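Colleague:
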Amino acid sequence: MLAARSLSRLSTKSTATLRPISRQLTPLARRLPSVLPGGGSIGVRAAASQVSNRPGSQSIPHAAQNIKEEVGHAIEDMAQTIAGGKPAALGPASADDSSAGGFVGITSAVASSVPSHIMGFGLAGGLPYIGTSAFTIYLANQAGQAASGATSTIDPGVAMSLLDQAMNVQVTYGAVMLGFLGALHWGLEIAEYGGSKGSKRLMLGMAPVIVGWGTLALDPSMALVTQWAGFTGLWYADMKATAAGWTPQWYSQYRFYLSLLVGTCIIGTLAGTSFLGPTQSHSATLRELHMLREQRAKRSLAEREKPVAPGEIGSVSGIEEGADAYVLVKHAPEPKEEKKKKEDK
Numbered sequence: 001m002l003a004a005r006s007l008s009r010l011s012t013k014s015t016a017t018l019r020p021i022s023r024q025l026t027p028l029a030r031r032l033p034s035v036l037p038g039g040g041s042i043g044v045r046a047a048a049s050q051v052s053n054r055p056g057s058q059s060i061p062h063a064a065q066n067i068k069e070e071v072g073h074a075i076e077d078m079a080q081t082i083a084g085g086k087p088a089a090l091g092p093a094s095a096d097d098s099s100a101g102g103f104v105g106i107t108s109a110v111a112s113s114v115p116s117h118i119m120g121f122g123l124a125g126g127l128p129y130i131g132t133s134a135f136t137i138y139l140a141n142q143a144g145q146a147a148s149g150a151t152s153t154i155d156p157g158v159a160m161s162l163l164d165q166a167m168n169v170q171v172t173y174g175a176v177m178l179g180f181l182g183a184l185h186w187g188l189e190i191a192e193y194g195g196s197k198g199s200k201r202l203m204l205g206m207a208p209v210i211v212g213w214g215t216l217a218l219d220p221s222m223a224l225v226t227q228w229a230g231f232t233g234l235w236y237a238d239m240k241a242t243a244a245g246w247t248p249q250w251y252s253q254y255r256f257y258l259s260l261l262v263g264t265c266i267i268g269t270l271a272g273t274s275f276l277g278p279t280q281s282h283s284a285t286l287r288e289l290h291m292l293r294e295q296r297a298k299r300s301l302a303e304r305e306k307p308v309a310p311g312e313i314g315s316v317s318g319i320e321e322g323a324d325a326y327v328l329v330k331h332a333p334e335p336k337e338e339k340k341k342k343e344d345k
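According to my numbering, the stretch in the sequence shown is residues 1 to 345, in order.
1. Which one of Pro-220, Leu-188, Tyr-254 and Met-177 has the shortest CA to CA distance from Ile-210?
2. Entirely within the segment 118-168 and at least 4 residues each: give me those alpha helix (DSSP H) ranges in chain order.
3. In this structure, what does DSSP give as the bridge partners for Leu-204?
4. Any contact between the segment 203-218 and the segment 166-185? By contact I mean 3 or more CB pairs, one from each, below 8 Å.
5. With a CB to CB cut of under 6 Å and the five nearest residues on each side skipped, what residues in its chain are close to Gly-245?
6. Any idea what DSSP makes of Ala-223, helix, strand or coil?
7. Whose C-alpha, out of Lys-298, Asn-141, Asn-168 and Val-171, is nearest the C-alpha of Asp-155?
8. Here's a check: name, in chain order, each residue in its chain whose Cβ is nearer than 6 Å to the Cβ of Leu-261, leaving out the five neighbours to either side.
9. Using the Cα positions of Phe-121 and Ala-217, report the straight-line distance between them to the nearest angstrom.
10. Going by the beta-carbon positions, is the gap between Gly-263 and Ile-137 smaller than 8 Å?
11. DSSP state of Val-209, grouped into three classes?
12. On a CA-only basis, which of Thr-247, Leu-292, Tyr-254 and Trp-235 is nearest Leu-188? Give me that one, please.
13. The alpha helix (DSSP H) with Gln-253 in it runs from where to where?
14. Determine the DSSP secondary structure at Val-329, reduced to helix, strand or coil.
15. Go ahead and label Gly-174 buried or exposed: buried means 16 or more other beta carbons lie within 10 angstroms of its beta carbon, across all protein chains shown.
16. With C-beta atoms as the reference, is Trp-250 less than 8 Å away from Val-114?
17. List the DSSP bridge partners of Val-316.
18. What would DSSP say about Ala-93, mapped onto helix, strand or coil?
19. If you reduce the DSSP assignment to three classes, tell me which class Trp-228 lands in.
20. With DSSP run on the structure shown, which of helix, strand or coil describes Val-114?
21. Mind reading off the beta-carbon distance from Ile-266 to Trp-228? Whole number of angstroms is fine, and I expect it under 8 Å.
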């Protein structure tokens, strides 16, 4: 009996001793008021809680700060993806960097590792795209002005013909570029860069060649759209190849710059022909123009092949004849005396 009473007293004292401790374990964020007596809010930032049903941001400034940080992290992730998706090789980003600083810091670090001669020749390879795109936009503008009746510095037929040729030149060059970029993977496989990858890397190099060759049979506008998709898809494949160690670490970002340049030129060409040209699809107008030229050539040939009546040719006043022209060129009437002599003979 005495042992039982002692045990009961001990448990009561233990419980009383533990109660203050349990009160001290209450989280500080739940015990503090959200607004201070002076009117200022406490800078407590936490994630949204499903238990307390409270949002992670307790005020508008907190929400703005959260959004800024999330955007910064998203931009840094995008920069790391563009650069090959290996954050360890790129170096850790400082927590105090802004979103722009983090992006510029990551991309500039990788861009500085690109050999200067490779970057120079790569950017020079985009000059034909810039030239054909600018020339196409100019010709589309001239053809559109001529079709609308405005003054134009070039004949509309010539502008449409040159427009078609400029777009075909851009399509042909794009097909060559796709094949060239695909052939780089064959060179990496032959050199066994990152180890031999076998048929996977060879098939990756063949895919853009097939896409570029197929665009040569399409309408110029559709061919440019297909090539834009081809360049974008090839950059995505190069990004994955860089992350897998199939290419140098800087190759993904190098390809991103070139793909951005080419894609901008293609979009500029399509936008110029769509909004500045006489029609949304200039190919239909070109077909009509070719048909009119063929009909005109046939009529001219038929006029030349007509038999010419013998006799002298003279001019007659079109006004006296009641015609719409000032002068009519026709066979001169023979004098009546000469007709009589011919009849007597």
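Using N, Cα and C, we set each Cβ at its ideal position, and we do this for glycine too.
Because the structure is a prediction, the values reported are computed rather than measured.
Modeller: Taking the definition as stated:
1. Met-177
2. 127-147
3. For Leu-204, no pairing in a beta bridge is given by DSSP.
4. yes
5. Gly-194
6. helix
7. Asn-141
8. Gly-126
9. 29 Å
10. No, these two residues do not count as a Cβ contact at 8 Å.
11. helix
12. Of Thr-247, Leu-292, Tyr-254 and Trp-235, the residue nearest in Cα terms is Thr-247.
13. 251-275
14. Reduced to three states, the DSSP call for Val-329 is strand.
15. buried
16. yes
17. DSSP lists Leu-328 as the bridge partner or partners of Val-316.
18. Model confidence at Ala-93 stands at a pLDDT of 43, short of 50, so the residue's coordinates are unreliable; what they give is reported in the following sentence. Coil, per DSSP.
19. Helix at Trp-228.
20. Coil.
21. 5 Å
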